[in-house]
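Trainee:
Protein chains: 4
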Amino acid sequence: MSDELKEACGVLGIYENRNNAGLGRDIFYGLYALQHRGQESAGIAVSSGNGIRYHKAMGLASEVFNDEILDDLTGRIGIGHVRYSTTEPNTLINSQPLVVRYKRGSLAVAHNGNLVNSLELRTELQENGVAFQTEIDSEIIAFLIAQAHSGDIAEAVESCMGKLKGSYALVIMTEDTLIGMRDPNGIRPLCLGKKGDSYVLSSESCALDTIDAEFIRDVEPGEIVIINNKGLQSINKNKETSKAVCIFEFVYFARPDSTIDGTNVHMARLEAGRLLAQEHPADADLVIGVPDSGTISAMGYAQASGIPFGIGLIKNHYVGRTFIKSTQNLRTIGVKLKLNPIKEVVQGKRLVMVDDSIVRGTTSGLIVKILKDAGAKEVHVRISSPPVTDSCYFGIDTSSRKELIGAQRKVEEIREYIGADSLGYLSLDGLVKSTGFPREKFCLGCFSGEYPIDVPGEGKGYLFEKR
Amino acid sequence: MSDELKEACGVLGIYENRNNAGLGRDIFYGLYALQHRGQESAGIAVSSGNGIRYHKAMGLASEVFNDEILDDLTGRIGIGHVRYSTTEPNTLINSQPLVVRYKRGSLAVAHNGNLVNSLELRTELQENGVAFQTEIDSEIIAFLIAQAHSGDIAEAVESCMGKLKGSYALVIMTEDTLIGMRDPNGIRPLCLGKKGDSYVLSSESCALDTIDAEFIRDVEPGEIVIINNKGLQSINKNKETSKAVCIFEFVYFARPDSTIDGTNVHMARLEAGRLLAQEHPADADLVIGVPDSGTISAMGYAQASGIPFGIGLIKNHYVGRTFIKSTQNLRTIGVKLKLNPIKEVVQGKRLVMVDDSIVRGTTSGLIVKILKDAGAKEVHVRISSPPVTDSCYFGIDTSSRKELIGAQRKVEEIREYIGADSLGYLSLDGLVKSTGFPREKFCLGCFSGEYPIDVPGEGKGYLFEKR
Amino acid sequence: MSDELKEACGVLGIYENRNNAGLGRDIFYGLYALQHRGQESAGIAVSSGNGIRYHKAMGLASEVFNDEILDDLTGRIGIGHVRYSTTEPNTLINSQPLVVRYKRGSLAVAHNGNLVNSLELRTELQENGVAFQTEIDSEIIAFLIAQAHSGDIAEAVESCMGKLKGSYALVIMTEDTLIGMRDPNGIRPLCLGKKGDSYVLSSESCALDTIDAEFIRDVEPGEIVIINNKGLQSINKNKETSKAVCIFEFVYFARPDSTIDGTNVHMARLEAGRLLAQEHPADADLVIGVPDSGTISAMGYAQASGIPFGIGLIKNHYVGRTFIKSTQNLRTIGVKLKLNPIKEVVQGKRLVMVDDSIVRGTTSGLIVKILKDAGAKEVHVRISSPPVTDSCYFGIDTSSRKELIGAQRKVEEIREYIGADSLGYLSLDGLVKSTGFPREKFCLGCFSGEYPIDVPGEGKGYLFEKR
Amino acid sequence: MSDELKEACGVLGIYENRNNAGLGRDIFYGLYALQHRGQESAGIAVSSGNGIRYHKAMGLASEVFNDEILDDLTGRIGIGHVRYSTTEPNTLINSQPLVVRYKRGSLAVAHNGNLVNSLELRTELQENGVAFQTEIDSEIIAFLIAQAHSGDIAEAVESCMGKLKGSYALVIMTEDTLIGMRDPNGIRPLCLGKKGDSYVLSSESCALDTIDAEFIRDVEPGEIVIINNKGLQSINKNKETSKAVCIFEFVYFARPDSTIDGTNVHMARLEAGRLLAQEHPADADLVIGVPDSGTISAMGYAQASGIPFGIGLIKNHYVGRTFIKSTQNLRTIGVKLKLNPIKEVVQGKRLVMVDDSIVRGTTSGLIVKILKDAGAKEVHVRISSPPVTDSCYFGIDTSSRKELIGAQRKVEEIREYIGADSLGYLSLDGLVKSTGFPREKFCLGCFSGEYPIDVPGEGKGYLFEKR
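Which chain is which? The protein sequence lines are F, B, W and P, in order.
At position 205 of the first sequence the residue is numbered 197 (this note's numbering), and the sequence of numbers has no breaks.
At position 284 of the second sequence the residue is numbered 276 (this note's numbering), and the sequence of numbers has no breaks.
At position 367 of the third sequence the residue is numbered 359 (this note's numbering), and the sequence of numbers has no breaks.
At position 90 of the fourth sequence the residue is numbered 82 (this note's numbering), and the sequence of numbers has no breaks.
Structure (structure tokens):
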């Protein structure tokens, strides 16, 4: 159950042709739509062409902003960010956008992803006399651009890109230019929209819908988009790069109403459920999903298997962030607060329980137990992705291999551990097929250990720890 | 779309055989499960047999309580409350439980419902010299019990009940006794559970599940349950009363995993969808629900009609309470922030869109528009309950008749207003049938204008306004 | 050093001839001036003739109120309160004014003082069916008035007064009348002022100055002042009562710029210092005061003795409320944070150190030590009031006799305890003389054990503890 | 009245020989004592030899820190800062200490003063690729040290000092070294103390007293003090520099119990009052001071003139920061809230009213009016410093020349403007004499327009505005 996986961030940028009193509000609505990508801090930076103003704080976008603050965030260009930290401490100093003043004026950077060479870049910059105030990659990126920006901003950004290794979907603004940038593998998503004359950049297309912008296209892997009063200029647009989009965006992270690189997430999950039914049929009475992440694939499983689809678990959406410490049985309580079975539905039934993934296995085991306690006769667990066997180095908090049950146990052992009557994972081929893309398009590192970029081995984990 | 209807409150009480350091925590978990019944304030009162301690504040249970506070809420008896105000201002002074000190010690009262004779009772008490500090019915109830309690608490509570008119599911505690009380019509739900030796009273059974208590039975309409060191004593248990359970609990308010008076809410909604399909078939390609309230009935509609069920709208659960003021297009933005269509699903489709109810009609109209903008060819709206034509006087915020589109327009006019290609409401007979109970069991006031108790006419609306 | 004594409360009321948008602001300014009388909570209640609106919260007036809140507190009549609790827990529920709704409308009560028969009154009211929500005397008073108010409000207030024993300076408002009331002994102060057509009631005259009102006269002991559209009506004005004004108002509580019952506080303290010099001369080089409470009497001492006056200790006014817990040496640190000697002033000097009182003795001892550490050759402590030997039952937090060093030790023992080279207390006669009034006018209970009203002995201390 | 002048900041540093659990608490107590130098934000940074931890926030030290936070601030080295901003916006990002990570580890900087070449330094750094995140001089200083620190930290700090122009009392820490640094003119104060084996650096000696440290000596103008496990090393100690200590520290800023460069502040103010009496005698009955800033000089005036000293104005120390907006008469109310005359003292008297300075003149005028309204027959205003005629460029918020009444009007015009019966300013010679130092020792810029360092003319004021 991927509640245990945490996405890194969501980014958004808007370029308008004239000053707009509602700019901050539009960015705020967009961040609202991207809130699932990060709930720890939120921030917005704007410019009317003369300096950058910003506000950022810990909390959900709806907690960080109010009318008074948004009324101040007027302008022509703005970027926003919602954050979940994967490698750095979760404090205000590390919230984004990061805003700096450099020789050419002001610069703001919002980043989704993770640089694998951040330590090298930091060290190199420090050797040249740079001092860091935060622990985020955005600071490195801002400094690289600030140093490189002597002539055109496009050149500075390109030069910066040449030094970055890892994943990055970036939204950057100077006082007169909005820039979007996606790493050459396109690991994290970034798309482009238009609303009237205005351009919008967003991690996911669902944010475009919310602010009534029209989806134009995805920013391509390796592409830099420069938007200013000369219009939109694209760099590296059709350059050949080895694409490696994170397949987990389709499995879990992205909102189902988003379309990434041409494939709708909901449709991919539905198809994954259908393929899962073909790969791992079950002799059962009812298919249920673990809400909300398993629901769509469960519907697909039901469609393909002919077994009726039902709602067997109710999710309490009020749970949110709770500050109640662990008591002896907290973990159980945590799951019970979130999920409650409908006894009348599951009683006496042989269930297929569909979820999107298994990370540590504990949660899955508790859900199986809850269903059995509620009277389910059998629980056949079906997972719409392969076992997670390896860590992610590109912006997802998968915890270390030691904690990944897929890395530590065989499928039959996992089945036993979670108490299921049977257990079936969708194959990697199946998962890839569900997206409609060829295997080469994806980063499948967490399922295969094969990464699109050299990453430190487990032994070199310090690379991400030392700052 | 019943987001426009607001439930009044949720109540919970626990009686333990010995002091329990985790009492406050258990009540907190229970309130968590009842959070959908009220999000404005939360409170817990406890006793170890010597005075009553309490904490209450504005906000969600998870915002009001933290470990430090819960660690102080130890004891043998406790009650909790989550609140949405229907008639009184929403301020701390009106939060519950209400705790008073009277001649026999301390008393705490938590109330779900609405007294229709509160003005008369207040006036009468005031004539006798009583002064009120709050605007809530719980204060009236506490004062009536305080005055009547000379001998046995049971007599005092019974005497109090004799004076109350309206709806009330009450959880009351003295320093040594826990009391549950449900109005003679049983308008608001209240059930009884056990966890080991401990008794639990709760508005809904889902809270029993969350704290691992076993459901025993519903408190009967007109019944008083007295729990103390002599065990559980029931008053009026099998007394003949004219039952009038609020049918809207099944339509919208209660959590689907709750079972009220013997019928599971999820099952009733599923059946309502099936009956709706029979009453109002549609020539369509896909059935979708308006999440979350319409989803289950949509599944029922799909089952009965043979039209495939799909997910066409994604709900943003982070929306929550936002403090952003109205801009010109706020209402639209409000809906767009909450709901986004999946274009790939709805495009080119003739849709059946199922929701649980239509109150003012504005929201439904916006959702139809959103779906059509996303490419839906036709939108056939199906509502799993009849038109809401009359105000509720028993604890639900239906707003006045003037605002109820069901009171002001005919079905065909409503269809036109919301821009649907067709519109069908489930009949009152169908709705009743979906619950498995006879019509006489329910209060159907909001659909029929026939109330189980005399209520003030619209002209007498002041009755609820003056305090 | 009387920082260890805590005053109970400050009250203020304004009656205007017409609605005033600035009413809340004027009351706020007045509370500001009375802030020294209580820093725990602040509240304001106002009426335009139709219901009472109010705001109260924990904290200083400047923390509790802001522009938005004050803008809402418009009206014709209003009362305000600042509070330090002496007998009840310090929580929001116990903050004032207390506002109730009774048969004749709304009523708000703000109280400074302490009823010695509160337990009896509570019990009696409870026997008659009353239930209490707070622990403050104001609730008793509100209930007594609510019960008695059938005809004229004046009669109700008089009847209530007949039942109260103890100290009370009360400011009460209905929707159309402002009432002031001072107990027959006049223990706590209350004065009357005018600002144009408007009447003002205040604990101290300094608040009148702040809001540009003219001082008219003190409310007399036992007097009730009724102000409404018929003008000002006085009850019991010239009735003979046995006056017993708290002399500690002159010693420490009141602000020096206030005039109580005709004597200016600053002048009384100056005179006390002069008399102290006569009673206890010292062979010394410099007179210094312990700021701020001892400064004025130190000046008087210097004048009468001919020894130069100097500033030897600097007070840090930022100390305020600090939330730092005790470490081993907290008490010392507490004093050191507040007071620092000027070495250049005290070095090598034989000092007279004047303070207003000694309660527990610990603080005085620490100040003597600080001065000696800074190089003072001798420290002759002079106290401008007699030893505090008995508890106060009328609204001052003197702690119990056990903690009062004046009750436990002789003067020579105290001198030794605090490490002074000599110690002299002003005699009771001297203190009385400093005020210009006869001894009979005062309550001298804390210095003599003789109280104007029967009070419970130490053994009956429970009277104030049980609620 | 110098409430209108705002000091820039207070700094403090402690180096201990071993880890100390109470380090953060000691720094906190020290900041408490320096709170008068800045009330906008407070911060503490500490190190145990391995990284720097810190906490900073808006507000008074007592609001920013609590036990939990202080318990975490353990270590061997720590620095603290309280701030009032003079040139930069007052936001969290600009609070201090500023902490950065550079090639040699971590570095924290706390600064009191103002660099006059900050714009040049920023521009130069930016041209070399540096990007700034704050608007404070500390960031410039940190970057200069970070760039220069290749060998010894002492060299890096010296190299940094070579580039700074303006005023700076700096406390800097690396993970193992505490550094103090005072600008070559010694404009802002900085002193050195010892507590056992530990070294303490502080803006003022009063903070040493509070934490029981012994005053050793002032850090000399131009001196750098390096403290680490090799002990204390001094650079430039006896170097000849042209001293230019800010004389306003003696007039108003410093606490009277502090001793700066060998002269006690209280003693200097007393002497200034005496000299003022000689320069500007008055035929009067009573000398009063405007509390708290004018009190000491008033005592000196009384001593020298033989006119009795009295307290004629009571200051309300609770006023503090209030968030109440301007109403028509706010300015008047602001003064009335702060100061109230004692009518009994001033009535019918010919007063000498002593204050430390006049900035804009409005406040002085209001106080004169208040005294006359209270019955003063004459008010002879005496100021213990010369007219303020020029802006300060070294860390004091004097506002621009346009607002300085001393720059705009002659003394007789000022007298008329403030409504005084006579007005006398202490001469510059007199002021200098009061300190016991020669004129060459001081920066007298605000009184004479002659600055120790080239400063931008009024026309170049942008230098401090542009960032």
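Think of the CB as a built atom: it goes at the ideal place given N, C-alpha and C, for glycine as much as any other residue.
Everything numeric in this text was worked out from a predicted model, so none of it was measured.
With a cut-off of 9 Å, does the C-beta of C198 of chain B fall near any C-beta of chain F?
Mentor: Yes, its Cβ sits closer than 9 Å to a Cβ of chain F.
Trainee: Using three-state DSSP, classify C152 of chain P as helix, strand or coil.
Mentor: Helix.
Trainee: Mark Q31 of chain P as exposed unless 16 or more other C-beta atoms lie within 10 angstroms of its C-beta, in which case mark it buried.
Mentor: Under this definition Q31 of chain P is a buried residue.
Trainee: DSSP state of G185 of chain F, grouped into three classes?
Mentor: Reduced to three states, the DSSP call for G185 of chain F is strand.
Trainee: Which of helix, strand or coil does DSSP assign to L396 of chain P?
Mentor: If DSSP states are grouped into helix, strand and coil, L396 of chain P belongs with coil.
Trainee: State the Cα-Cα distance for the pair F240 of chain B and D365 of chain B, rounded to the nearest angstrom.
Mentor: Distance between the alpha carbons of F240 of chain B and D365 of chain B: 32 Å.
Trainee: Apart from the five residues just before and just after I288 of chain W, which ones in its own chain have a Cβ nearer than 8 Å to its Cβ?
Mentor: Within the same chain, I288 of chain W has close Cβ partners P248, H258, R261, L262, G265, G281.
Trainee: Decide if Y13 of chain F is buried, meaning its Cβ has at least 16 other Cβ atoms within 10 Å, or exposed.
Mentor: One point to set straight first is that residue 13 of chain F is Ala, not Tyr, in the sequence displayed. By the neighbour-count rule (16 or more Cβ atoms within 10 Å), A13 of chain F is not buried but exposed.
Trainee: From this set, B:H28, B:G154, B:T115, which residue's C-alpha is nearest R75 of chain B's C-alpha?
Mentor: Considering only alpha carbons, the answer is B:H28.
Trainee: Counting contacts by CB-CB distance shorter than 9 Å, is N104 of chain F in contact with chain B?
Mentor: Output row for N104 of chain F: interface = no.
Trainee: Evaluate R10 of chain F with the Cβ neighbour count: other Cβ atoms within 10 Å of its Cβ, from every protein chain shown; 16 or more gives buried, anything less gives exposed.
Mentor: So R10 of chain F counts as exposed.
Trainee: For F439 of chain F, is the classification buried or exposed, using 16 other Cβ atoms within 10 angstroms of its Cβ as the cut-off for buried?
Mentor: Flag for F439 of chain F reads buried.
Trainee: Buried or exposed: where does K330 of chain B fall if 16 or more other Cβ atoms within 10 Å of its Cβ makes it buried?
Mentor: Classification of K330 of chain B: buried, given that the 10 Å Cβ count is 16 or more.
Trainee: Quick test of your reading: G422 of chain P and L268 of chain P, contact by CB under 8 Å. State the CB separation rounded to the nearest angstrom.
Mentor: With 8 Å as the limit, G422 of chain P and L268 of chain P qualify as a contact, their Cβ atoms being about 7 Å apart.
Trainee: Just to confirm the assignment, what range does the alpha helix (DSSP H) spanning T355 of chain P have?
Mentor: From DSSP, the alpha helix (DSSP H) with T355 of chain P extends over 354 to 365.
Trainee: Indicate whether at least one CB of chain P lies closer than 9 Å to the CB of N58 of chain F.
Mentor: Cβ-Cβ to chain P under 9 Å: no for N58 of chain F.
Trainee: Beta-carbon separation of I164 of chain B and V101 of chain B under 9 Å?
Mentor: It is a contact, given that the beta carbons lie within the stated cut-off.
Trainee: Does the beta-carbon of N109 of chain W have 16 or more other beta-carbons within 10 angstroms, so that it is buried, or is it exposed?
Mentor: It is buried - the Cβ of N109 of chain W has at least 16 other Cβ atoms within 10 Å.
Trainee: Does DSSP classify D421 of chain B as helix, strand or coil?
Mentor: Three-state DSSP puts D421 of chain B in a helix.
Trainee: From which residue to which residue does the beta strand (DSSP E) around Q225 of chain W run?
Mentor: First-last of the beta strand (DSSP E) with Q225 of chain W: 223 to 227.
Trainee: Out of W:F386, W:Q400, W:D446, W:L420, point me to the one whose CA is closest to H103 of chain W's CA.
Mentor: Ranking the options by Cα distance to H103 of chain W, first place goes to W:F386.
Trainee: Label P444 of chain B either buried or exposed according to how many other C-beta atoms from any shown protein chain fall within 10 Å of its C-beta, with 16 as the threshold for buried.
Mentor: It counts as buried.
Trainee: Determine the closest residue to R114 of chain P out of P:P300, P:I133, P:G105, P:L396, with distance taken between C-alpha atoms.
Mentor: Among P:P300, P:I133, P:G105, P:L396, the Cα nearest to that of R114 of chain P is on P:I133.
Trainee: Counting only runs that start and end within the segment 110 to 165 of chain W, where is the alpha helix (DSSP H) found for 4 or more residues in a row?
Mentor: List check, alpha helix (DSSP H) in window: 110 to 119, 129 to 140, 145 to 155.
Trainee: Starting from the C-beta of S197 of chain F, find all residues in its chain whose C-beta is less than 7 Å away, skip the five residues before and the five after it, and write them out in chain order.
Mentor: Cβ neighbours of S197 of chain F beyond the five flanking positions: C183, F207, S250, T251.
Trainee: Chain F partners of F135 of chain P, CB-CB under 7 Å?
Mentor: Result: A123.
Trainee: Since V360 of chain F and P379 of chain F are thought to touch, with beta carbons under 8 Å apart, how far apart are those beta carbons, to the nearest angstrom?
Mentor: In fact, because the Cβ distance is near 17 Å, the residues do not count as touching under 8 Å.
Trainee: In angstroms with no decimal places, state the Cα-to-Cα distance between D168 of chain P and N177 of chain P.
Mentor: D168 of chain P and N177 of chain P: Cα-Cα distance of roughly 28 Å.
Trainee: Pop quiz: P273 of chain W and L305 of chain W are said to be a contact at Cβ under 8 Å. What is the actual Cβ separation, rounded to whole angstroms?
Mentor: Contact flag wrong, Cβ pair sits at about 22 Å.
Trainee: If you reduce the DSSP assignment to three classes, tell me which class I69 of chain W lands in.
Mentor: If DSSP states are grouped into helix, strand and coil, I69 of chain W belongs with the strands.
Trainee: What is the residue span of the alpha helix (DSSP H) that E336 of chain W lies within?
Mentor: 335 to 338 is the span of the alpha helix (DSSP H), which, as asked, contains E336 of chain W.
Trainee: Based on the DSSP output, what are the partners of R401 of chain P in its beta bridges?
Mentor: None, per the DSSP bridge assignment.
Trainee: Runs of 3 residues minimum, wholly inside the segment 239 to 278 of chain P: which ones carry the beta strand (DSSP E) assignment?
Mentor: Complete beta strand (DSSP E) runs here, min 3: none at all.
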